[in-house]
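In my numbering, the protein residues as written are 375 to 515. C-beta atoms are modelled at their ideal positions from N, C-alpha and C, and glycine is treated no differently. Model, not experiment: these values are computed from the prediction.
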Amino acid sequence: SRRRSLFTLATSMIIFSSKAYGILPLVSCAKAALTEKMVDPFLQLVDDSKLQAVSTGLDHLENVYGSKEDDDDALKSLSAIEITENQSRESFASMIVKMLEKSSDLESSIVKEQLIKDFLPDDVCPLGAQLFMETPGQIYQ
């Protein structure tokens, strides 16, 4: 279930940033990945501008987030994803670079290279470490 939620969140973030920066072809390509087969029953994309948690209510107790059934459904959904040529990382990076035509060719190639690389989180979030150092006695568990 968490992987399906992360997929939905990541795809939504692509949609949000694409709209914010005016890269409209990227919006339609990213939205195409959120098909009926891939829908996260616990998250809903609202007006291409907000990702909202969906209240399942008491009548849907059989499908609890993170339950065995939900994990099985999520695995089926993720297995059914078919990334088309225009939904690949390279295609997304190319669309972004085309929108950066005002930049120099060197800058565009550096941006494309960074976009294609796998994401690796920083060891420590700079603000998180700073926040921890400022309030070491106020850790909530």
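Check                                                                                                             : Outcome
Segment contact, 8 angstroms Cβ cut-off, at least three pairs: the stretch 375 to 391 with the stretch 415 to 426 : yes
Where Asn425 sits in the DSSP three-state scheme                                                                  : Contrary to the premise, residue 425 reads as Leu rather than Asn in this sequence. Three-state DSSP puts Leu425 in a strand.
Alpha-carbon to alpha-carbon, Glu481 and Asp492                                                                   : 19 angstroms
Sequence-distant residues of its chain with Cβ nearer than 7 angstroms to Asp414 (five each side left out)        : Arg378, Ser379 and Thr382
C-beta contact flag for Asp445 and Ser386 at 8 angstroms                                                          : no
Collapsed DSSP secondary structure at Leu474 in the structure displayed                                           : coil
When Ser468, Leu417 and Glu459 are compared against Leu489, the one with the closest alpha-carbon                 : Ser468
For Ile397, the nearest candidate out of Lys486, Met473 and Val438 (CA to CA)                                     : Met473
Spatially closest choice to Cys403 from Arg463, Gln418 and Lys442, by CA coordinates                              : Arg463
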